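A.B. asks: Take a look at the following structure, please.
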Amino acid sequence: MEIAHVPNWRTNPDKYVPLCLLCHRAYDVGLMTEDEVEVVRDGWLAGASPPHDAAELWALWAAREPEWSKLQQGAGRKAGLTRRRKAAARRAAATRASRLIMD
Numbered sequence: 005m006e007i008a009h010v011p012n013w014r015t016n017p018d019k020y021v022p023l024c025l026l027c028h029r030a031y032d033v034g035l036m037t038e039d040e041v042e043v044v045r046d047g048w049l050a051g052a053s054p055p056h057d058a059a060e061l062w063a064l065w066a067a068r069e070p071e072w073s074k075l076q077q078g079a080g081r082k083a084g085l086t087r088r089r090k091a092a093a094r095r096a097a098a099t100r101a102s103r104l105i106m107d
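Put into structure tokens, the structure is as follows:
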């Protein structure tokens, strides 16, 4: 069981939804709609088990196209930051090495 953050979760903390691993990933890539997540949430609040089985999920998701770009949110910014930090570390190491040689 994992906790999914549906849109506007920052403004509405009730938008945290417990989902199984498959449903969480499906929601993250757009294979599961927010309405379907709400049904799961309402059932969970009522004490029901997840309203699906694996075979039904695979059949449903096979008919939809995933949006893989949703998994890459912020990845470019993070990669750029990593490159800048590594470059700064290399420059600092080179500066230290050159100062040791000069002494």
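Residues 5 to 107 in the numbering used here are what the sequence shown lists, from first letter to last.
For glycine and all other residues, C-beta sits at the position ideal for the given N, C-alpha and C.
Note that this is a predicted model, so its numbers are computed, not measured.
Looking at residue 64 and residue 32, is the spacing between their C-beta atoms short of 8 angstroms?
C.D. replies: Along the sequence shown, one-based indexing puts residue 32 at 28. Along the sequence shown, one-based indexing puts residue 64 at 60. Contact flag unset, no.
A.B. asks: Using the three-state DSSP reduction, which class does residue 41 fall into: helix, strand or coil?
C.D. replies: Position 37 of the sequence shown, counting from 1, holds the residue named residue 41. In this structure, residue 41 counts as helix in the three-state DSSP scheme.
A.B. asks: Starting from residue 23, trace the beta strand (DSSP E) in both directions and tell me its first and last residue.
C.D. replies: Along the sequence shown, read from residue 1 onward, the residue named residue 23 stands at position 19. 20-23 is the extent of the beta strand (DSSP E) around residue 23.
A.B. asks: Return the residue from the list 96, 5 and 97 that minimises the CA-CA distance to residue 44.
C.D. replies: Against the sequence shown, residue 44 aligns to sequence position 40. Residue 44 has its Cα closest to that of 5, out of 96, 5 and 97.
A.B. asks: Cβ atoms of residue 70 and residue 35: under 8 angstroms apart, would you say?
C.D. replies: Counting from one through the sequence shown, the residue named residue 35 turns up at place 31. Counting from one through the sequence shown, the residue named residue 70 turns up at place 66. It is a contact, given that the beta carbons lie within the stated cut-off.
A.B. asks: Along the chain, where does the alpha helix (DSSP H) that runs through residue 60 open and close?
C.D. replies: The sequence position of residue 60 within the sequence shown is 56, counting from 1. Residues 58-66.
A.B. asks: Rounded to a whole number of angstroms, what is the C-alpha to C-alpha distance between residue 46 and residue 100?
C.D. replies: In the sequence shown, counting from the first residue as 1, residue 46 sits at position 42. In the sequence shown, counting from the first residue as 1, residue 100 sits at position 96. The straight-line gap from Cα to Cα measures roughly 60 angstroms.
A.B. asks: Out of 87, 37, 29 and 93, which one is the CA nearest neighbour of residue 72?
C.D. replies: Position 68 of the sequence shown, counted from the start, is the residue given in the question as residue 72. It is 29 whose Cα lies nearest to the Cα of residue 72.
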